[in-house]
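> Each residue of the sequence shown is one higher than the one before, counting from 366 in the numbering used here.
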Amino acid sequence: MAAAAATLTPSAVVPAASPATALKLANVMYEKKGAIAYVTVNRPEVLNALNKATWADLRTAFEDARDDATVRGVILMGAGDKAFIAGADIHELASATGLEAHRSSRFGQEVLNLVENLGKPVIAAVHGFALGGGCETAMACTMRIAAENARFGQPEVKLGVVPGCGGTQRLPGLVGKGRALQLILSGETISAQEAYRIGLVNEVVPAEQLIARAEAILQKIFANAPIAVAYSLEAVNKGLDTSQAEGLALEASFFGLCAGTEDKKEGTSAFLAKRPAQFQGR
């Protein structure tokens, strides 16, 4: 996996950013290049395990990405060549009281709700281990691209707890109730290929192509109308939490809102004129 290490360490994978585009955090590397923000959990010595400080850094990074109008998409990854995010920091979990664990769970859930509802596409570029909170973090992203060496799982029952950052809720939506319960109750770890087969990941690519593929997907999205992209994300996310009738009403509302934008005029005019559209996000 030498090639993967060269590709996936933050200094190699993220294009150089000027000081004005870099946010200094203790446990997360956050840089922006063009319209893409790169968020890297940067604790490779503990396989990028999630502790309270790392969750807080992730929230700070994603709040910045949400609020920066120049950012149109995010790539989330882990530092080093062994793990995306191997899960929770077990030392922290081992000493937590019930009340502390509950608060920690709610905080992690809030951060991942921010990721899921960012209003901009977030791609998890997953290599190595994505277990427990790492798998939950990936599931909160808009889509997941996995390296061939990626491994996924929700092994919390092996530690005497349940998934605490959305695993019991997002996993059934992605792979179905039966497969989700099999993964959660057995605590087993599955390969990237199996994750693709059951619908947990969108694509599997060689490790050295992981970031380039995530960037290519974002560039395809960036070619489309920004307002329509944002409303599409919101319609899907909110629709999953409502009845079909309510979801359809929401879809129609967003369709009408988009139809009143300058981007709709540009998109339809460009199509009829057989030329590329030049969207302005208005």
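For each residue, glycine too, the CB sits at the ideal point set by N, CA and C.
Since the structure is predicted, the reported quantities are computational estimates derived from the model, not experimental observations.
1. Identify whether G531 lies in helix, strand or coil by the three-state DSSP scheme.
2. Roughly how many angstroms separate the alpha carbons of Q609 and I592, rounded to a whole number?
3. A503 and V491: beta carbons closer than 8 Å?
4. If you follow the beta strand (DSSP E) that G443 is part of, which residue opens it and which one closes it?
5. Between Q519 and the rest of its own chain, which residues show a CB-CB distance below 8 Å, the 5 nearest in sequence each way excluded?
6. Go through the segment 469 to 541 residue by residue and report every complete run of the beta strand (DSSP E) that reaches 3 residues or more, in order.
7. Take the Cβ of V601 as the centre, count every other Cβ of all protein chains shown within 10 Å, and call the residue buried at 16 or more, exposed below.
8. On the criterion of 16 or more Cβ atoms from any shown chain inside 10 Å, does E428 qualify as buried, or is it exposed?
9. Could you name the residues of the same chain whose beta carbon sits closer than 8 Å to that of A595, not counting the 5 residues immediately before and after it, in chain order?
10. Have a look at T507, R647 and T607 and flag the residue whose alpha-carbon is nearest the alpha-carbon of G438.
11. For I563, tell me which candidate among K542, L575 and A579 has the shortest Cα-Cα distance.
12. Pop quiz: A557 and A505 are said to be a contact at Cβ under 8 Å. What is the actual Cβ separation, rounded to whole angstroms?
13. So if DSSP puts K397 in a beta bridge, which residue, or which two residues, is it bridged to?
14. If you compare alpha carbons, which of G646, A400, L539 and V406 is closest to K389?
15. For S470, count the other beta carbons within 10 Å of its own beta carbon; 16 or more makes it buried, fewer makes it exposed. Which is it?
16. Among residues of its own chain, excluding the 5 on either side of I401, which ones have a beta-carbon nearer than 8 Å to its beta-carbon?
17. For E568, which of helix, strand or coil comes out of DSSP?
18. How far does the beta strand (DSSP E) with S556 in it extend, from its first residue to its last?
19. Quick check: the Cα distance between V526 and A466, rounded to an integer number of angstroms?
20. Within 10 angstroms of its Cβ, does P409 collect 16 or more other Cβ (buried), or is it exposed?
21. Which class does K585 belong to by DSSP, given the choice of helix, strand or coil?
22. Between which residues of its own chain and S376 is the CB-CB distance below 7 Å, once the five residues before and five after are set aside?
23. From A368 to E568, what distance separates their C-alpha atoms?
24. Going by the C-beta, is E631 closer than 7 Å to any heavy atom of the ligand SAH?
25. Starting from F644 and walking both ways along the alpha helix (DSSP H), at which residues does that stretch end?
If we stick to the structure as given:
1. coil
2. 23 Å
3. Yes. Within cutoff.
4. Going by DSSP, G443 is part of the beta strand (DSSP E) stretching over G438 to G443.
5. Around Q519: L496, G497, C500, E501, P528, G532, L536, L548, I549 and G552.
6. Qualifying beta strand (DSSP E) stretches, in chain order: 487 to 491, 494 to 496, 508 to 512 and 516 to 518.
7. Exposed: under 16 other Cβ atoms inside 10 Å.
8. exposed
9. Cβ within range, chain order: G484 and K485.
10. T507
11. Checked all of K542, L575 and A579; the closest Cα to I563 is K542.
12. In fact, because the Cβ distance is near 18 Å, the residues do not count as touching under 8 Å.
13. Beta-bridge pairing links K397 to A402.
14. Nearest neighbour of K389 by Cα position, chosen from G646, A400, L539 and V406, turns out to be V406.
15. buried
16. V436, R437, G438, V439, I440, E580 and L583
17. E568 sits in a strand when the DSSP states are folded into three classes.
18. T554 to S556
19. Approximately 10 Å between the Cα atoms of the pair.
20. buried
21. helix
22. With a pLDDT of only 34 at S376, under 50, the local geometry of the prediction cannot be trusted, and the value read off the model is given with reservation. Around S376, the same chain offers no residue with a beta carbon nearer than 7 Å, after the five sequence neighbours per side are excluded.
23. Summary for A368: the model assigns pLDDT 36, below 50, so the residue's position carries little reliability; its value from the coordinates is reported in the next sentence. The alpha-carbon atoms of A368 and E568 are separated by roughly 19 Å.
24. This structure lacks the ligand SAH, and indeed carries no ligand of any kind.
25. For F644, no alpha helix (DSSP H) run applies, since DSSP gives it neither H nor E.
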